[in-house]
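Numbering (my numbering), first residue to last: 433 to 524. Report on the following structure.
Following this line, the structure appears as structure tokens:
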């Protein structure tokens, strides 16, 4: 029986994983890779600019790419499904 493989890119993602006991991605026995939710934190430092929502979104998309590549994929070109959740940033 195959097992799950967990992936965390080096830097802030690995630090978050070590502290919170979760992984940025998991590879299922059938080869499908599922990513956890990614935020707009700096991939090296983990810093988050709470005043720049546009930059947070751009960085979150870059973080997805980093996770996919760390899991052995080419990045966004290997994605066939994306689910994205958003809040009304301007009302908060």
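Quick reminder that beta carbons are idealized off the backbone N, C-alpha and C, glycines included.
Identify, in the order they occur along the chain, each residue of the same chain with its Cβ nearer than 8 Å to the Cβ of residue i, setting aside the five sequence neighbours on each side.
i: residue 480; result: 471, 472, 473, 474 and 488
i: residue 436; result: 458, 459, 460 and 461
Considering only residues of the same chain and omitting the five flanking positions on each side of residue i, which have a CB-CB separation below 7 Å?
i: residue 444; result: 473, 474, 475, 476, 477 and 478
i: residue 496; result: 467 and 470
i: residue 447; result: 478
Please state the DSSP three-state secondary structure of residue i.
i: residue 496; result: helix
i: residue 457; result: strand
i: residue 465; result: strand
i: residue 477; result: coil
i: residue 447; result: helix
i: residue 488; result: helix
i: residue 502; result: helix
Output needed for residue i: all residues of its chain with C-beta closer than 6 Å, excluding positions within five of it in sequence on either side, in chain order.
i: residue 465; result: 457, 459 and 503
i: residue 500; result: 507
Run through the DSSP bridge pairs and tell me what residue i is partnered with.
i: residue 519; result: Bridge partners of residue 519: none, in fact.
i: residue 438; result: 458
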